[in-house]
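S.K.: Residue numbers 51 to 675, in the numbering used here, belong to the letters of the sequence shown in order.
The beta carbon of each residue, even a glycine, is placed where N, CA and C say it ideally should be.
Below are the structure tokens for one structure; questions will follow.
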Amino acid sequence: MSDGTEEIADLEQQNSHYPTTELETVTIRFAGDSGDGMQLTGNQFTQSSVMLGNDVITFPDYPAEIRAPAGTLAGVSGFELSFSKHDIHATGDRISVLIAMNPAALKMNLGDLEKGGILIINSDSFSENDLRKAEYNSNPLDSEEIQNFRLVQIPITHLTLKAVEESGLSHREGGRCKNFFALGVVQWLFDRPIGTTRDWIQQKFKKREEIVKANMMALQAGYNYGITTELFHERYHVAPASLPPGEYRQITGNQALSFGCIAASVQSGKPLLYASYPITPASDILHEMAQHKNFGVKTMQSEDEIAAVSACIGASYGGYLGLTGTSGPGLDLKGESLGYAVMVELPLVILNIQRGGPSTGLPTKTEQTDLLAAIHGRHGEAPIPVLAPSTPGDGFYIALEAFRIALKYMTPVIILSDGALANGSEPWMLPDFETLPVLEKDFRNDSKHYTPYSRDLNTLARDWVVPGTPGLEHRIGGLEKDQYTGDVSYDPDNHETMVLIRDAKIRRIAKDLPPLKIIGPSKNQLLVLCWGSTYGAALSAVENLQQKGKQVSMLHLQCLYPFHEELGNVLKGFEKILIPEMNLGQLSLLIRSEYLVDTISMKKIQGKPFMVSEIRERIESLLTG
């Protein structure tokens, strides 16, 4: 089978008359049914852009119901990516190009397409039945609204089936290659090489040569279609970004958290156990961890959330790094066990990949609604440090920091990621592993003057003792212990003392955090204060307004409990404080109660991240109001 390189080169030579327009940033969204391969298609376009040196930010948007009937609104799957010649922090407000594989995808996404944007649709999927399932009363392609966009109708299904005729696939299987046809068209339109995708197809489907052949044919046919038709009057090119020199790879937030936890195991010299119940959107962490047995990682898919965290507590008691992952409902179920981990003072890290809504809620949609649950969602006084990454790649370093704190202070630590970070991706520069922190925490072996709750005078952390160490036998459990003997104690004064010690231990972490980084002047008219995945949109908005001379600064918090010891003084330097977050104002509530300062809460609870324009417009209204 020819790889098509010579054919494409000849066609490109024949069609060199196409003008090429240079663009700085482009935002594309692939949208279709959950079975149309939109996530795969988007990932491959992303890989092509990364290989060309663009900065890339992605946002996969999974359907509300994975098993929704084909062609319905609930089953629409989308993959949005922005690629740029500059450093970018968030996907675009409005998409430049929409590829809609059916009417449902069009209906769910057309409102986000910028005026004059390119709309590529699969014209084969606009039958009367398709329109009915998408809840259209008439064909939207005939509406006046469509005239606002550059409509390109391509019979993608028909052309795909024709392209793969010689592959040996059935009609049904051949039709499933249409995502690669669409990808080929868009890769030609934006001057993306298809070699990376061809290599991926070869590797991914190597066990079925007919699938490899068909997908190759569809990809090439789509690329050739762009060259040979007159549907497009120009091509577009985005130059490589000026990123810091180094070796890069594309990474998702869940992958970064996984790699960071594995690095913590290596840097501490202690084996890692990851135990979890598979729950959206944290399941990928279990899948990733299971691939790294070469680092001594042990994984356990548990039958429920309580079993998972209990296994990790047991692992920590035995001298392992205990790690569990979950989402909001699972964090609720783990609450009692986390209180136990606080009582016995063992190192443990909990990855909570937040999702929308109470109960089952919106499993595939993103929100930041677990902050109060992470800080206060346990009975009794059970303080636990809470950290949050800011970008997908930042998860690597947050995981290292979480284990540093867990080991140094002998405490469980919660990491709050969310669906946007977990599934989103960005180019990530591989770290210099020689510069990573060594996570030192020795087990106690000396029985001289030992008591179960003897503590480090600086951190107030108790000793870590591996069971079976001669002379260091002691009782553990959820009942309160005497601060000196470690025996069960119901003495009220002792209980209060132990509660105060456990609280003081966590509060000391505030003095042991990296310095706060204010983006802009430390005294200004307005401060944008945020956390988690809101970082990208907020930073883009703030930088844009700073370039216009606006008096706005930004501070992003990565440790949400305890707050940095300097935070109170920092807040005093600003007339107004705006806190955008994807909840009803949870961080705003905490800041108000802790520092008695007025804050302006910007709320969004739609299962979708902030757009840059939303935050920018709110800032502008506050600066002028």
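Taking contact to mean at least 3 C-beta pairs separated by less than 8 Å, is the region 435-445 in contact with the region 260-280?
M.R.: no
S.K.: Grab the span of the alpha helix (DSSP H) containing Val662 for me, first residue to last.
M.R.: Val662 to Thr674
S.K.: Between Asp562 and Gly103, what straight-line distance do the alpha-carbon atoms span, to the nearest angstrom?
M.R.: 37 Å
S.K.: Specify the secondary structure class of Asp420 as computed by DSSP and reduced to three states.
M.R.: coil
S.K.: I need the straight-line Cα distance from Asn544 to Tyr503, nearest angstrom please.
M.R.: 12 Å
S.K.: Going by C-alpha to C-alpha distance, which of Asp83, Gln656, Gly445 and Glu490 sits closest to Gly34?
M.R.: The question about residue 34 has no answer here: the residues shown for the chain are numbered 51 through 675.
S.K.: Can you give me the Cβ contacts of Met151 inside the same chain, cut-off strictly under 6 Å, excluding the 5 residues immediately before and after it?
M.R.: Counting only residues of its own chain and dropping the five nearest sequence neighbours on each side, Met151 has a CB closer than 6 Å to the CB of Gly82, Asp86 and Asn172.
S.K.: Going by the beta-carbon positions, is the gap between Lys415 and Gly469 smaller than 8 Å?
M.R.: yes
S.K.: Mind listing, in chain order, the continuous alpha helix (DSSP H) runs of no fewer than 4 residues lying wholly within the region 312-383?
M.R.: Qualifying alpha helix (DSSP H) stretches, in chain order: 333-339 and 355-367.
S.K.: What whole-angstrom Cβ distance do Arg558 and Leu621 have, given they're in contact under 8 Å?
M.R.: Contact flag wrong, Cβ pair sits at about 21 Å.
S.K.: Quick one: residues in its chain with C-beta nearer than 7 Å to the C-beta of Gly443, no 5 flanking neighbours on either side, listed in chain order?
M.R.: Ile301, Ala306, Glu476 and Trp478
S.K.: What does the Cβ neighbour count give for Thr210, buried or exposed, with the cut at 16 atoms within 10 Å?
M.R.: buried
S.K.: My understanding is that Phe282 touches Leu239, with C-beta atoms under 8 Å, so please give their C-beta distance in whole angstroms.
M.R.: 6 Å
S.K.: List the whole-angstrom C-beta distance separating Arg428 from Leu388, where the pair is believed to meet the contact cut-off of C-beta under 8 Å.
M.R.: 6 Å
S.K.: Looking at the unbroken alpha helix (DSSP H) that takes in Trp238, where does it start and where does it end?
M.R.: Lys228 to Leu239
S.K.: Within the same chain, show all residues whose beta-carbon is closer than 7 Å to that of Cys362, passing over the 5 residues directly before and after it, in chain order.
M.R.: Leu323, Ala325, Gly372, Leu373, Thr374 and Leu398
S.K.: Work out the CA separation of Tyr534 and Ile329 for me, nearest whole Å.
M.R.: In a straight line, the C-alpha of Ile329 is about 41 Å away from that of Tyr534.
S.K.: Using 10 angstroms around the beta-carbon of Gly582, count the other beta-carbons present and answer buried if the total reaches 16, otherwise exposed.
M.R.: buried
S.K.: Measuring CB atoms only, is the region 484-502 touching the region 379-388, in the sense that at least three cross pairs come out at less than 8 Å?
M.R.: Contact fails: fewer than three Cβ-Cβ distances are below 8 Å.
S.K.: Roughly how many angstroms separate the alpha carbons of Pro630 and Met158, rounded to a whole number?
M.R.: 25 Å
S.K.: Opposite Leu401 in the DSSP bridges: which residues?
M.R.: Gly375 and Ile465
S.K.: Identify the continuous alpha helix (DSSP H) that holds Lys263 and give its terminal residues.
M.R.: Its alpha helix (DSSP H) spans residues Glu259 to Thr278.
S.K.: For Leu628, which beta-bridge partners are listed by DSSP?
M.R.: Val578 and Ile650
S.K.: When DSSP labels each residue in this structure, what does Lys183 get in the three-state scheme?
M.R.: helix
S.K.: I'd like to know if the region 657-673 and the region 611-618 are in contact, where contact means that at least 3 CB-CB pairs between them fall below 8 Å.
M.R.: no
S.K.: Taking Asp241 as the reference, which of Arg285, Val76 and Gln656 has the closest Cα?
M.R.: Arg285
S.K.: Looking at Asp180 and Glu208, is the spacing between their C-beta atoms short of 8 Å?
M.R.: Just to set this straight, residue 208 is His in the shown sequence, not Glu. Asp180 is positioned such that its CB atom lies no closer than 8 Å to that of His208.
S.K.: Which whole-angstrom value describes the C-beta separation of Leu550 and Ile569, a residue pair presumed to lie in contact below a C-beta threshold of 8 Å?
M.R.: In fact, because the Cβ distance is near 37 Å, the residues do not count as touching under 8 Å.
S.K.: As a quick exercise: from Glu178, Gln270, Thr519 and Ile312, pick the residue whose alpha carbon is nearest that of Lys212.
M.R.: Gln270
S.K.: Given this structure, state the Cα-to-Cα distance separating Asp53 from Ile251, to the nearest angstrom.
M.R.: Confidence at Asp53 is low in this model, with a pLDDT of 48, below 50, so the placement of that residue is unreliable and no value is reported for it.
S.K.: Inspect the beta-carbon positions of Leu32 and Leu637 and report whether they are closer than 8 Å.
M.R.: Because the chain spans 51 through 675 in this model, residue 32 falls outside it and cannot be assessed.
S.K.: Could you name the residues that DSSP lists as bridge partners for Glu150?
M.R.: It is worth fixing the name first, because residue 150 is Ala in this sequence and not Glu. Its beta-bridge partners are Ala81 and Ile171.
S.K.: Would the beta-carbon of Ile145 fall within 8 Å of that of Ile170?
M.R.: no
S.K.: Where Pro571 and Lys653 are concerned, what is the direct C-alpha to C-alpha distance, given to the nearest angstrom?
M.R.: 25 Å
S.K.: Around the Cβ of Phe493, are there at least 16 other Cβ atoms within 10 angstroms (buried) or fewer (exposed)?
M.R.: exposed
S.K.: Count the other CB atoms, across all protein chains shown, that sit within 10 Å of the CB of Ser643; report buried if there are 16 or more and exposed otherwise.
M.R.: exposed
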